[in-house]
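Enquirer:
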Amino acid sequence: MSSTAVIQNSRFTSVSHNFAFQWILNKKELETISQKNASATTIQSDLYELKAFKDLRFYLEIQLTRRAYSVNIKGSKKWLLKLDYAFVVSKENVFTLKELNQLSFVKNFYFATISEEENVNIHCMVTASPVHPDSTTNEEKLILKEGQKLIDFEGTSCNTLPSTYTYEPVIDFILKGTIPNFTIKSAVNILAGMEEHKCELLKILCVKYLMNNITAESLREILKAAVDYRLPHLERECVNKITSGFFQIK
Numbered sequence: 002m003s004s005t006a007v008i009q010n011s012r013f014t015s016v017s018h019n020f021a022f023q024w025i026l027n028k029k030e031l032e033t034i035s036q037k038n039a040s041a042t043t044i045q046s047d048l049y050e051l052k053a054f055k056d057l058r059f060y061l062e063i064q065l066t067r068r069a070y071s072v073n074i075k076g077s078k079k080w081l082l083k084l085d086y087a088f089v090v091s092k093e094n095v096f097t098l099k100e101l102n103q104l105s106f107v108k109n110f111y112f113a114t115i116s117e118e119e120n121v122n123i124h125c126m127v128t129a130s131p132v133h134p135d136s137t138t139n140e141e142k143l144i145l146k147e148g149q150k151l152i153d154f155e156g157t158s159c160n161t162l163p164s165t166y167t168y169e170p171v172i173d174f175i176l177k178g179t180i181p182n183f184t185i186k187s188a189v190n191i192l193a194g195m196e197e198h199k200c201e202l203l204k205i206l207c208v209k210y211l212m213n214n215i216t217a218e219s220l221r222e223i224l225k226a227a228v229d230y231r232l233p234h235l236e237r238e239c240v241n242k243i244t245s246g247f248f249q250i251k
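For the sequence shown, my numbering assigns the number 251 to the last residue and increments by one with no breaks.
#1: Between which two residues does the beta strand (DSSP E) holding residue 153 run?
#2: Is the beta carbon of residue 95 closer than 7 Å to that of residue 106?
#3: Measure the alpha-carbon distance for residue 234 versus residue 61 and round it to whole angstroms.
#4: Specify the secondary structure class of residue 18 as computed by DSSP and reduced to three states.
#5: Please report how far the alpha carbon of residue 184 lies from the alpha carbon of residue 144, in whole angstroms.
#6: Verify whether the separation of the beta carbon atoms of residue 63 and residue 44 is less than 7 Å.
#7: Would you say the stretch 197–215 touches the stretch 162–178, given that touching needs at least three Cβ pairs under 8 Å?
#8: In whole angstroms, give me the CA-to-CA distance for residue 260 and residue 227.
#9: Assuming residue 19 and residue 128 make a contact with CB atoms under 8 Å, what is their CB distance in whole Å?
#10: Leaving out five residues on either side along the sequence, give the residues of the same chain with a beta carbon under 8 Å from the beta carbon of residue 239.
#11: May I have the straight-line CA-CA distance separating residue 193 from residue 162, to the nearest angstrom?
#12: Taking the beta strand (DSSP E) that residue 131 falls in, what are its first and last residues?
#13: Given a cut-off of 7 Å on the beta-carbon distance, is the pair residue 51 and residue 174 in contact?
#14: Which of helix, strand or coil does DSSP assign to residue 74?
#15: My output table needs one value for residue 1: the three-state DSSP class, helix, strand or coil.
#16: Is it the case that the Cβ atoms of residue 152 and residue 70 are separated by a distance below 7 Å?
#17: Check whether the Cβ atoms of residue 58 and residue 46 sit closer than 7 Å, and answer yes or no.
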């Protein structure tokens with residue numbers, strides 16, 4: 002968890018809190034809403050809360066729409082809740098449950114993209130900001146539903162960055178969920194800092210971006226990064242492009 006404050010004239014004007022967490026499902030749970038005559042239409046996560054702040058509770062809900070899954074966030078009306086990202090990590094691949102324009106290289110998550118025995122790891126980032134709802138607004142009391150657990154974020158932190166680490170795109174992604182502006186250069190820079198920032202999700206996104214941008218001009222730089230940072234999946238993709246005659250090396 003991290004918090005951000007906007008200060009004007011030595012007074013706080015707004016405060017937001019960021020929560021990075023994983024929601025783990027198995028394929029059978031997703032299958033309950035994938036069948037044509039399924040009795041359930043949604044899957045709900047555990048109920049998350051931060052006890053230090055009044056009424057800060059929320060949960061995620063997955064729906065199936067046109068064979069692809071989507072995710073929504075629901076919680077107290079006293080907080081503005083924003084789901085910054087929701088990625089499904091499956092072995093060496095990554096999919097999204099929330100469309101992000103700057104990540105066109107990451108495809109939507111479909112039921113058929115995971116193996117039978119595989120768990121579904123959903124990496125999420127949520128931003129919560131306090132609001133003052135209208136006095137006529139009826140506050141929905143969030144209580145535990147069948148199968149839900151109460152997860153308390155109090156005392157936890159997603160900040161594992163060393164104090165000497167200064168590459169802003171990585172810092173903003175880890176602390177705020179801000180998606181980097183991916184280029185070949187920035188992706189390689191992020192991979193080069195893995196020993197320091199240790200963000201596996203960002204590493205997978207970088208590899209996915211590079212795999213989708215292998216050209217005759219970029220091949221040498223991407224292949225060098227794959228070898229230097231021990232990324233066999235990316236190295237194999239580069240070699241396959243060469244041996245298949247996909248392009249001529251300049």
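We put the CB at the ideal spot given by N, CA and C, even for glycine.
As the structure is a computational prediction, the values presented were derived from the model and not from experiment.
Expert: Looking at the atomic coordinates:
#1: What you label residue 153 is simply residue 152 of the sequence shown in a count that begins at 1. Note, residue 153: beta strand (DSSP E), 151–153.
#2: Taking the sequence shown and counting its residues from 1, the one referred to as residue 106 is at position 105. Taking the sequence shown and counting its residues from 1, the one referred to as residue 95 is at position 94. Going by C-beta atoms, residue 106 is not nearer than 7 Å to residue 95.
#3: What you label residue 234 is simply residue 233 of the sequence shown in a count that begins at 1. What you label residue 61 is simply residue 60 of the sequence shown in a count that begins at 1. Those two C-alpha atoms are separated by around 32 Å.
#4: Mapped onto the sequence shown, residue 18 falls at position 17. Of the three classes helix, strand and coil, the one that applies to residue 18 here is strand, per DSSP.
#5: Locating residue 184 in the sequence shown gives position 183, where the first residue counts as 1. Locating residue 144 in the sequence shown gives position 143, where the first residue counts as 1. Approximately 44 Å between the Cα atoms of the pair.
#6: In the sequence shown, residue 63 corresponds to position 62, counting from 1. In the sequence shown, residue 44 corresponds to position 43, counting from 1. Yes, they are a contact pair.
#7: yes
#8: For the chain, the structure presents residues 2 to 251; residue 260 sits outside this window and is missing.
#9: Looking up residue 19 in the sequence shown gives position 18. Looking up residue 128 in the sequence shown gives position 127. Their Cβ separation, rounded to whole angstroms, is 5 Å, which keeps residue 19 and residue 128 in contact under 8 Å.
#10: For the purposes of this step, residue 239 is taken as the residue at position 238 of the sequence shown. Cβ neighbours of residue 239 beyond the five flanking positions: 215, 220, 223, 224, 227.
#11: As a working note, residue 193 is residue 192 in the sequence shown. As a working note, residue 162 is residue 161 in the sequence shown. Their Cα atoms are separated by approximately 15 Å.
#12: On the sequence shown, residue 131 is found 130 positions in, with the first residue counted as 1. Start and end: 120–131.
#13: By 1-based counting over the sequence shown, the position of residue 51 is 50. By 1-based counting over the sequence shown, the position of residue 174 is 173. Taking 7 Å as the Cβ cut-off, residue 51 and residue 174 do not qualify as a contacting pair.
#14: On the sequence shown, residue 74 is found 73 positions in, with the first residue counted as 1. Strand.
#15: Because the chain in this structure spans residues 2 to 251, residue 1 falls outside the shown range and cannot be described.
#16: Here residue 152 refers to the residue found at position 151 when the sequence shown is read from its first residue. Here residue 70 refers to the residue found at position 69 when the sequence shown is read from its first residue. Cβ atoms of residue 152 and residue 70: not closer than 7 Å.
#17: As a first step, residue 58 must be located in the sequence shown, where it is residue number 57. As a first step, residue 46 must be located in the sequence shown, where it is residue number 45. In this structure, residue 46 does not lie closer than 7 Å to residue 58 by Cβ.
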